[in-house]
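Take a look at the structure set out below.
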Amino acid sequence: MRIRTNSAKYIAKLQSLGSFNRTSKFILQWTSNQRLKKDSPVGVMWKRGLLDFNIEPCIPFSCLTPNTSLDRVSFNDQLLSRAPKHTQHPDMMRQLSLELINNIPSQALVLYTDGSKSDSGRTGSGVYVKAEDGLVFRCRFHNPDNCSVFRSELLAIREALNFALRFENSDIYVLTDSKSSIQYLKNWPEIR
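Everything in the sequence shown is counted per the UniProt record's numbering, starting at 1 for the first residue and increasing by one.
Written out as structure tokens, the structure reads:
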């Protein structure tokens, strides 16, 4: 009981300091897509339910629910030959990626996506599309502050899919450098 009371006083005091105190600033700006260190004071208090942060939804695909079937969609998270990234030379990885891209049918709609985060914590996503008729589409956008790189990658994929819905191509390829995003979408039906 005393821990809860003292923790509540401590948090109230920190929050009253505003952005002048580093810990206070962190608590005031923290969102659910940021990881807390397991044994940090803030992490322990949050785990015990002493902190009430505004939790934002972590699923960037609001149009999908866990019941949504992705039967007609396939996700490939492997290159044409097995090549662990940490043991291969960057030129070899580039060559394997180009082989994969060159095997895409010419009539397909190809969408390239990327998400990134700057040292200052600003995040953004981008989509580049090149269709067989020469149509080129570029889209760059900022994401919410302190958004994770993983979420930025997923937001880029979402934007690419929204763009792809405007076309009647039977073959649509979304290319990303985020293996974790592909695995997340590949395992979508299992996410509850």
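Every residue gets a Cβ at the ideal spot worked out from N, C-alpha and C, and that includes glycine.
If you check the beta carbons only, do A108 and I172 fall under 8 Å apart?
Contact check for A108 against I172 passes: the beta carbons are separated by less than 8 Å.
Can you give me the start and stop residues for the alpha helix (DSSP H) that S180 sits inside?
Annotation for S180: the continuous alpha helix (DSSP H) segment containing it runs 179-186.
Going by DSSP in three states, G126 sits in which element: helix, strand or coil?
Looking at G126 - three-state DSSP - the assignment turns out to be strand.
Can you name the start and end residues of the alpha helix (DSSP H) that residue 215 belongs to?
No information on residue 215 is available, as it lies outside the stretch 1 to 192 that the chain covers here.
Between R140 and G124, how many whole angstroms is the CB-CB distance? I'm expecting something under 8 Å.
Their Cβ separation, rounded to whole angstroms, is 6 Å, which keeps R140 and G124 in contact under 8 Å.
So residue 199 and F150 are in contact, right, with Cβ under 8 Å, and what is the actual spacing, rounded?
Past the edges of the chain, shown from 1 to 192, lies residue 199, and the structure says nothing about it.
Nearest-angstrom Cα separation, counted from N102 out to A160
Distance between the alpha carbons of A160 and N102: 20 Å.
Nearest to V110 by CA position, among G134, K25, L185, is which residue?
Nearest option by C-alpha distance: G134.
Residues of its chain near K117, where Cβ-Cβ distance is below 6 Å and the 5 sequence neighbours each way are ignored:
A distance below 6 Å between beta-carbons, with the five flanking residues on each side excluded, links K117 to the following residues of its chain, in chain order: T123, V149.
Simplified DSSP assignment, three categories, for G43
Three-state DSSP puts G43 in a helix.
Based on the DSSP secondary-structure assignment, which residues constitute the bridge partners of Y112?
Answer is Y128, L175, bridged to Y112.
Would DSSP call F26 helix, strand or coil?
DSSP places F26 in helix when its eight states are reduced to three.
Proximity winner among N76, I104, V44, M93, relative to L185 (alpha-carbon distances)
Comparing C-alpha distances from L185 to each of N76, I104, V44, M93 shows the shortest one belongs to N76.
Could you give the distance in angstroms between the alpha-carbon of R138 and the alpha-carbon of S120?
Straight-line measurement puts the Cα of S120 at about 24 Å from the Cα of R138.
Which first and last residues belong to the alpha helix (DSSP H) in which N76 is found?
It is not in any alpha helix (DSSP H) - N76 carries neither H nor E in the DSSP assignment.
Going by the beta-carbon positions, is the gap between L155 and N146 smaller than 8 Å?
Contact: no.
Helix, strand or coil: which one does DSSP assign to F167?
The DSSP-derived three-state label of F167 is coil.
Pop quiz: V127 and F163 are said to be a contact at Cβ under 8 Å. What is the actual Cβ separation, rounded to whole angstroms?
About 6 Å; that satisfies the 8 Å criterion.
Extent of the continuous beta strand (DSSP E) run through H89
Premise fails: H89 is in no beta strand (DSSP E) and is neither H nor E.
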